[in-house]
Every structure is written in structure tokens, then in C-alpha cells.
């Protein structure tokens, strides 16, 4: 037994340092966490604070959910020398995901100052964007791309910064890098068909792939009637949740399929989020005529009757407080049900929950839950949700697919935004050129949902909101 143990403990000593580090990284990538940790610790006993090995231990702590442990490992490795850049870059990223933005900024600026890890500049740009310092973010991403033209996350960061500023033409071109990230390059189906560039297809079939989140698909569905003007036949590939809703867009009927094996033969393909680039969309040329989606009339009639009976003359206000937890920005975009208490307490208002999935259970546990009409419990897809929204006076929602659906249906809505916001809502606006019926209500300081909700409550008290 002792001989076997010695053999394991001596594995790093039998390898060159570079080979030992690669082996530790390979074990981490393969999910062999205990083996990776054992080898990393052995390397560090012989080569204290070896940068890549420190990252292995930090990554192990992060994957185990020990964020404080991750930060502790990274901070302990700092020496004040240029070799710190890698640890500082990862500190910048980890601290940003925890909302510790000033600490993230300090780490990111220190990493970028060393100049030895070009990717650190992109991480710093992400932190500036999270802080809402969009001018600085744009400059930083420009520098990151200049230093590392093939770094996909720098190109995508630049895209978001340009789109945030309304620089759409250049922004859409950079936005095409979204599927060149290591985490996203395998998300789209690998069809061999040519990508459509907007040219007329008089005798061909085009597949439009609904990719990214539900909100993106709803936002860019507005382009489908424009596509149909140039293409002989359009078919849509989308999830079950959207299929019924996207069957009719802008008064036109489209074939929608939810399983790739059921698709009819097609000749060209395009991702739906690439359509703004294909059509050369600028802020002034957004196809903003709403509604371009419609609720099923029979479903809408049933819901309208139920809501009217429950409201007894009160305003019917839809509410959404929680997004998909796996969304990278969910920590800052979701407000939680408790933040909406001032709306739930308003006299003359019937709160109507449109919440599905994560957060839905919060209603039963909240002290004001009994005041809320829980429509969310009955919603199976976005066609159902559209039918409910059609019978509401307005919707109050976080930055979620429901915001896009409300705007696409041309219903009044208030979209609650974090201080930094997100590129599609642009910078500093209370309106949006994408959806004329929506009002954007932004945090005045990071995390201040209370101020956002109070302003919306004031607007609801002020008078009618239905269009």
C-alpha cells in the first residue's frame, strides 16, 4: 500500500513541469476532480504559486460551488508580479458573477495593466458593462478585439457594447460571433445547407432556426413577414413552447416544426437572431409595427371572461418576477416576488401572475399570495400566455420573454431593468424602438428594485394604462 501511495504522490516529480500542468488541466476537463486536485497540490509543493496550477485549484473550488474558496485560492496566489495576470483575470470574472463589481473592477484593471494575458481585457470590459459604464466598456472591448481579433467573447462583448449605443450596423456584424464561443459553438444544429444572405429565393425553401432564448425569438419574429417577401417557402424550427404562437406572424401563416427529423426538405438556413443583420437594421429602420403576434381568439375570449369576473372592475395587471435561473444575468434581472408587494397591495388592482417555472412556488408562500390571480399555474405554452395578456390592462415584468411577448402583442407594459440594463433596451431610454407600447423603468442604483416598483405603482395609480 505504501509503495502504491508513493507512486501516486511522486507522479509530478516524474514529469516535466509543463507536462504535469497539462495533465492536471486534462484531469479537470475530464471531470476527474480528485485526481486533478491531488496532482495540482503536488505541483504546487514543488513550484509554489505556479499560475496555471493555481487556476486548476480555483476551478475545482468553483465547480464545487465554493465561491469564497475560489476567491481565497486566487488571492493567495498573488505575488505582485506579471504572472498574477491570469489569477487576476479569473478573480475579475468570479467576483463579477457574485455582484462584487468594484472588487471585480480592481482585479480586472490590475490584470489588464500587466498586459500579459490579452483575454483579461475582455473580462474587464464585461465588468464595465455590468457597472453600467457603457462608454468605457465599448473602448475596452475595442482594445480587446484589437489585441485578440479571434477571441470570440471579446467580439461578442463588442457587439453588445455597440448595440447598446445604437451602433446597429457594426453591432450586428460582431453579433455573429455569438456561436463561436466554446460554450455555444455546438448549440446550433449542424446542417450542411448554405446560410441565407437575404438574396431572393424564387424557388427555394428557407429554414429559420429559432435559437437563443424565447425572448430573442419573439423579438426577431417580426422579420418573418419580410423574409416571406423574398423567399418562396419559409419553414421555422422552434421549441414546443413557441410553435403555436409563431404559426401566424404579421397576419401571415408559417409552417413551424419542433423536431428536426420532421422538417421538410429545405435549401438554405438562417438563425432568427441573424435577421436584423441580413436586413441591415438600424435604430430608425426597426420593423416596429405592432402587433405582429396575435392571441388565439377563442382562448383569449375565455380568459377575458374569467379575468373580468375576478377583477370586479379593478385594473388587471400581469406580474412576472423571476427569470430562468440558468440565464447568465438572472441574478441581476430577477427581482423576486417580495419586491412586487407594493403592486400587490394597490387598491383597484387585480395582480395576475404570469409566472411559470422557477419562482412560481413563491406565490403560495407569500403573505399577499391570496390577493393574486394565479394564471401561471395554467399556462402550457406562449400561446396560452398571449391569451391571458390579451385580457389584461397592462403587464409589469422583469427583462424576460414576457416583456417581448407583451410588446409584440401591442399591449401596455412596464419592463423593470437593472441599472446596467441589457443591449436590446439600449442606454438611458424609458422607451424602446422595438416595442412602442412598452415603458422601461430602470434602477437608479444597482439592486434598487424598490424604487423601480414604487415608480410603477405611481404610474398605475395615476390613471388608465390600457391601449
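Residue numbers (our numbering): 759 to 1225.
Ideal Cβ placement from N, Cα and C applies to all residues, glycine included.
Quiz prompt | Secondary structure, beta strand (DSSP E): runs of 3+ residues fully inside the region 1105–1180 | solution = If one requires a minimum length of 3 residues, the beta strand (DSSP E) runs lying completely within the region 1105–1180 are 1107–1111, 1152–1156 and 1171–1175, in chain order.
Self-check item: Sub-8 Å separation of residue 1050 and residue 964 beta-carbons
Solution: Residue 1050 sits at position 292 when you count from the first residue of the chain shown. Residue 964 sits at position 206 when you count from the first residue of the chain shown. Against a cut-off of 8 Å, the Cβ pair of residue 964 and residue 1050 comes out as no contact.
Quiz item: Where does residue 932 land, buried or exposed, given buried means 16+ other C-beta within 10 angstroms?
Solution: Translated into positions along the chain shown, residue 932 becomes position 174. Burial call: buried.
Quiz prompt | Enclosing beta strand (DSSP E) for residue 776 [first to last residue] | solution = As a working mapping, residue 776 is identified with position 18 in the chain shown. Note, residue 776: premise wrong, no beta strand (DSSP E); alpha helix (DSSP H) at 775–787.
Self-check item: Nonlocal neighbours in the same chain, by C-beta distance under 6 Å from residue 980, ignoring five residues either side
Solution: Mapped onto the chain shown, residue 980 falls at position 222. 1045 and 1050.
Quiz item: What's the call for residue 778, buried or exposed, on a 16-neighbour Cβ count within 10 Å?
Solution: As a working mapping, residue 778 is identified with position 20 in the chain shown. Classification for residue 778: buried.
Quiz item: So, using beta-carbon positions, are residue 915 and residue 884 closer together than 8 Å?
Solution: Position 157 of the chain shown, counted from the first residue, corresponds to residue 915. Position 126 of the chain shown, counted from the first residue, corresponds to residue 884. Here residue 915 is near residue 884, since their CB atoms are less than 8 Å apart.
Quiz item: Using the C-alpha atoms, what's the distance from residue 975 back to residue 1110?
Solution: Sequence index remark: in the chain shown, residue 1110 carries index 352 (1-based). Sequence index remark: in the chain shown, residue 975 carries index 217 (1-based). The C-alpha of residue 975 is placed about 24 Å away from the C-alpha of residue 1110.
Practice problem: Look at the Cβ atom of residue 1001, then the Cβ atom of residue 1016, and state whether they are nearer than 8 Å. | Solution: Taking the first residue of the chain shown as 1, we reach residue 1001 at position 243. Taking the first residue of the chain shown as 1, we reach residue 1016 at position 258. With a cutoff of 8 Å on beta-carbon distance, residue 1001 and residue 1016 are scored as near each other.
Quiz item: Near residue 1009, which residues of its chain fall below 6 Å by C-beta distance, leaving aside the five closest residues on each side in sequence?
Solution: Here residue 1009 corresponds to residue number 251 of the chain shown, with the count starting at 1. Take residue 1009, set aside five residues on each side of it, and no residue of its chain has a beta-carbon closer than 6 Å to its own.
Exercise. Check whether the Cβ atoms of residue 1195 and residue 1168 lie closer than 8 Å to each other.
Key: Position 437 of the chain shown, counting from 1, holds the residue named residue 1195. Position 410 of the chain shown, counting from 1, holds the residue named residue 1168. Contact annotation: residue 1195 and residue 1168 have beta-carbon atoms nearer than 8 Å.
Practice problem: Please report how far the alpha carbon of residue 761 lies from the alpha carbon of residue 788, in whole angstroms. | Solution: Residue 761 sits at position 3 when you count from the first residue of the chain shown. Residue 788 sits at position 30 when you count from the first residue of the chain shown. With a pLDDT of only 42 at residue 761, under 50, the local geometry of the prediction cannot be trusted, and the value read off the model is given with reservation. Across the structure, residue 761 and residue 788 are spaced so that their CA atoms are roughly 27 Å apart.
Quiz item: Is the distance from the Cβ of residue 1199 to the Cβ of residue 1172 below 8 Å?
Solution: Taking the chain shown and counting its residues from 1, the one referred to as residue 1199 is at position 441. Taking the chain shown and counting its residues from 1, the one referred to as residue 1172 is at position 414. Yes. Within cutoff.
Exercise. Mind checking which residues open and close the beta strand (DSSP E) that includes residue 1027?
Key: Working through the chain shown from its first residue, we reach residue 1027 at position 269. Where residue 1027 is concerned, the enclosing beta strand (DSSP E) stretches over 1026–1029.
Quiz item: How many Å lie between residue 1006 and residue 1052 at the Cα?
Solution: Walking along the chain shown from the start, residue 1006 turns up at place 248. Walking along the chain shown from the start, residue 1052 turns up at place 294. Straight-line spacing of the CA atoms in residue 1006 and residue 1052 works out to 8 Å.
Quiz item: Which residue spans inside the region 1063–1102 form an unbroken alpha helix (DSSP H) run of at least 4?
Solution: Listed in chain order, the complete alpha helix (DSSP H) runs (minimum 4 residues) inside the region 1063–1102 are 1088–1091 and 1099–1102.
Quiz item: Taking just the CA atoms, how far does residue 1176 sit from residue 1072?
Solution: Here residue 1072 refers to the residue found at position 314 when the chain shown is read from its first residue. Here residue 1176 refers to the residue found at position 418 when the chain shown is read from its first residue. Using only the alpha carbons, I get a separation of about 29 Å.
Exercise. Could I get the ranges of all uninterrupted alpha helix (DSSP H) runs contained in the region 916–985, with 4 residues as the minimum, in chain order?
Key: Runs found: 926–933 and 972–978.
Quiz item: Contact between the region 863–873 and the region 840–853: three or more CB pairs below 8 Å?
Solution: Because the criterion of three Cβ pairs below 8 Å is met, the region 863–873 and the region 840–853 touch.
Quiz item: Roughly how many angstroms lie between the CA atoms of residue 862 and residue 891, to the nearest whole one?
Solution: One-based indexing of the chain shown puts residue 862 at position 104. One-based indexing of the chain shown puts residue 891 at position 133. Rounded to the nearest angstrom, the two C-alpha atoms are 14 Å apart.
Practice problem: Please say whether residue 1219 and residue 1104 have beta carbons closer to each other than 8 Å? | Solution: Against the chain shown, residue 1104 aligns to sequence position 346. Against the chain shown, residue 1219 aligns to sequence position 461. Annotated as proximal: residue 1104 and residue 1219, with beta-carbon spacing under 8 Å.
Practice problem: Assign residue 913 to one of two classes, buried (16 or more other C-beta atoms within 10 Å of its C-beta) or exposed (fewer than that). | Solution: Along the chain shown, one-based indexing puts residue 913 at 155. It counts as buried.
Practice problem: Could you tell me which residues DSSP pairs with residue 1047 in its beta bridges? | Solution: Working through the chain shown from its first residue, we reach residue 1047 at position 289. Paired residues: none, contrary to the question.
Quiz item: Taking the alpha helix (DSSP H) that residue 891 falls in, what are its first and last residues?
Solution: One-based indexing of the chain shown puts residue 891 at position 133. Residue 891 -> no alpha helix (DSSP H), and no H or E assigned at all.
Quiz item: With distances taken between CB atoms, is the gap from residue 859 to residue 888 smaller than 8 Å?
Solution: As a working note, residue 859 is residue 101 in the chain shown. As a working note, residue 888 is residue 130 in the chain shown. The answer is yes: Cβ separation under 8 Å.
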